[in-house]
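In the working numbering, the protein residues as written are 245 to 796. Worksheet: the structure to be examined is printed underneath.
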Amino acid sequence: MRLDRAGDDAEGKRRGGAAIVRIWLRPLSYLLGVSMAALSVVYLLDLARQGDALRSPWQVFGGMSPVDAENIMGGIGEVIAAILGIVITVASIIVQLAANRYTPRITDMFFRDRKNMLVISFFVVSAVFSLWINFSIRTGGSGPSFVPFVPHYGVLITMGLLTVSLLMMAPYFMYVFDFLEPDNVVGRIKKNGVEQALRPAGGESDGEVDERRVAALSSLEQLADVALNALDQKDKGIASKTVDSLSELVVSYLPHKKSLDPRWFQIRDRLARDTDFVSMNAEALDKLSTARTWLEYKALRQFLMVYREALTAMPDLITRIAIDTRYIGQTAIASGDRAAVEVVVKFFNTYMRRSLNAKDIAAAYNNLNQYRYLAEELLKAGWGDQVLEIARYFKYYAQTAHAMGLAFLTETVAFDLCVVNERAYDLHAPARDELLRIFLDVDKEAELDQQERSLRGVRKAQVKLATYYLQKGEEALARKIYRDMRDERPDRLRSIRAELLAVTSNEFWEINDRGAVFEYIEPERRQFIHRFFEWFPSTAMREPIREEQTQE
């Protein structure tokens with residue numbers, strides 16, 4: 245993990261160096277080159293016109309009388325002050341517009357930026373310097389002791405400062421626009437949050453630790469603000485980038501939790517006064533502190549806030565949130581952080597509840613897909629108890645959708661559980677038998693005729709799993725499914741068999757995020773459909789159905 249972080253730091257420095265060349269050095273070089281070339285041409289033309297002996301640049305630009313110096317400096321100070329005014333005015337307007345569109349905290353970020361402060365300071369110093377050089381010029385006076393004073397070097401340096409100030413205006417405005425580029429704003433907020441969170445244990449005071457916690461929490465909230473404002477603006481690109489950055493912040497943080505100061509995980513002082521924590525009772529706060537998961541909880545709370553708005557404003561963002569939540573869960577699995585996985589599971593369940601309450605089938609469908617992927621990762625890691633817990637949640641949501649008349653969601657859960665059972669068998673998971681039992685408990689007898697379709701989908705998924713077991717030579721497991729189905733009506737069993745045999749392509753005829761058809765069974769498994777249905781006592785079940793007839 246340290247190597248990965250070192251690689252990320254090196255990549256960040258490389259990009260920072262490239263940005264300096266692109267925004268500052270290259271434009272300055274071009275502008276300075278063109279200006280000096282034009283000056284040289286005009287200088288040589290004027291010398292040729294006068295016909296005098298060739299004069300050196302120092303003779304032309306260095307020699308000046310007090311009157312010359314006074315005339316030169318008369319307007320330079322005003323020009324530099326005008327440049328400063330233009331720069332501050334334009335930058336303030338642009339920053340304010342960006343703050344209104346994304347997050348008000350951009351203003352604070354901008355005026356705390358080191359490069360921005362250096363440029364503004366350069367303009368201010370140039371204006372003050374030219375003011376005092378202008379003040380120091382003395383061309384006339386009274387008394388025998390008076391001596392005219394011409395600050396030759398001061399005038400030349402002032403001219404140089406004015407030249408650099410003018411040359412810097414274009415690159416500086418490029419820098420301002422680059423700074424306020426949405427991707428860069430989001431990346432900067434994320435980077436600040438990671439830096440605050442990943443500082444290893446050291447000799448910090450309690451106040452300094454609390455300051456870092458609040459700064460990291462602020463980064464999470466800023467990213468959520470940008471995402472919400474992007475939703476209002478219907479800007480899908482920025483909203484997606486921001487959601488990804490929230491996930492990336494937590495993903496960068498999780499592998500390094502063991503090296504952090506134990507005080508980092510305590511919810512107290514200003515952190516305890518955060519809006520998401522102040523409403524929680526002492527027991528819940530103590531649990532978060534003990535589990536060391538307050539940052540993950542806070543980040544996922546931001547996801548939930550965006551999720552709620554995206555349900556109606558930008559449904560496509562729902563899938564992105566689910567994917568990024570899964571990424572957090574996968575990183576927690578790789579880090580061995582069971583407490584963080586529990587938080588991820590809890591928020592997946594909350595996403596499902598929000599989707600069901602809104603009767604948003606598409607949102608629930610996409611959440612289930614990512615939720616199932618997480619369960620598969622848990623199986624690979626050998627965390628069977630967590631997989632069983634997720635399977636029970638799946639069963640609950642299937643039955644809830646069934647009661648709400650959302651037949652497609654019940655069917656989706658069934659086929660997802662079918663996949664989980666297949667993976668459990670492939671991985672020789674100890675939880676295999678219990679997963680099968682949960683799967684067989686999903687279907688309940690329909691109370692209404694219109695609910696029949698959802699139960700048919702569950703039965704199809706169970707038959708599909710039975711063919712998988714038969715293909716693997718596990719007749720005993722397939723028999724468990726048969727015993728659960730043997731009391732089904734013969735006509736219903738015949739129609740289920742016919743519908744499964746009729747699906748001969750895995751390509752759905754509409755846009756489908758999963759890219760597959762639930763009922764599709766691979767050709768090498770299709771023969772086992774007949775074998776499974778031969779076990780049923782009804783003679784109708786023993787009558788084979790030719791696939792070419794079902795396809796018609």
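Even glycine gets a Cβ: it sits at the ideal position worked out from N, Cα and C.
Annotated three-state conformation of Arg-457 is helix, per DSSP. Secondary structure at Phe-393: strand, using DSSP grouped into helix, strand and coil. Annotated three-state conformation of Arg-597 is helix, per DSSP. Pro-499: not part of any alpha helix (DSSP H); DSSP gives it neither H nor E. DSSP, reduced to helix, strand and coil, places Arg-349 outside both helices and strands of the structure shown, so it counts as coil. Ranked by Cα distance from Asp-312, the options Leu-375, Pro-392, Arg-270 are led by Pro-392.
Per DSSP, the unbroken alpha helix (DSSP H) holding Arg-775 starts and ends at 767-777.
For Gln-574, same chain residues with a beta-carbon under 8 Å away, outside a window of 5 residues either side, are Leu-618, Glu-621 in chain order.
If you draw a 10 Å sphere on the C-beta of Gln-771, you find fewer than 16 other C-beta atoms in it, and that means exposed. The distance from the Cβ of Pro-559 to that of Ile-482 is about 17 Å, inconsistent with a contact at the 8 Å cut-off. Judged by their CB atoms, Trp-627 and Pro-415 are not nearer to each other than the 8 Å cut-off.
If the five residues before and after Asp-518 are omitted, its C-beta is found closer than 7 Å to the C-beta atoms of Leu-461, all from its own chain and listed in chain order. In the three-state reduction of the DSSP assignment, Arg-382 falls in the strand class.
Contact check for Tyr-541 against Val-587 passes: the beta carbons are separated by less than 8 Å. Counting C-beta pairs closer than 8 Å gives three or more between the region 645-662 and the region 670-686, which meets the contact rule. The C-alpha of Leu-464 lies about 10 Å from the C-alpha of Arg-545. Less than 8 Å divides the Cβ of Thr-347 from the Cβ of Asn-473. In the same chain as Ala-459, and ignoring 5 residues on each side of it, the C-beta atoms closer than 6 Å to its own belong to Gln-440, in chain order. A direct Cα-Cα distance of roughly 50 Å separates Ala-606 from Met-413. Unbroken alpha helix (DSSP H) stretches of 4 residues or longer found wholly inside the region 583-657: 605-625, 628-647, given in chain order. In the DSSP annotation of this structure, the continuous segment of the alpha helix (DSSP H) that includes Asp-520 starts and ends at 519-522. DSSP, read as helix, strand or coil, puts Val-686 in coil. Annotation for Glu-492: Lys-434 place their beta carbon closer than 7 Å to its own, counting only its chain and skipping 5 residues before and after. Cβ-Cβ distances below 7 Å link Glu-763 to Lys-704, Glu-743, Leu-744, Val-747 in the same chain, with the five nearest sequence neighbours on each side left out; the list follows chain order. In the DSSP assignment, Trp-508 falls outside any alpha helix (DSSP H), carrying neither H nor E.
The alpha-carbon of Met-403 is positioned some 16 Å away from that of Pro-310. Inclusion of Val-339 and Phe-354 in the CB contact set at 8 Å is warranted, their separation being smaller than that value.
For the pair Gly-649 and Ser-503, the Cα-to-Cα distance works out to about 50 Å. A Cβ-Cβ contact shorter than 8 Å links Ile-324 with Ala-371.
The continuous alpha helix (DSSP H) containing Ile-565 extends over residues 560-578.
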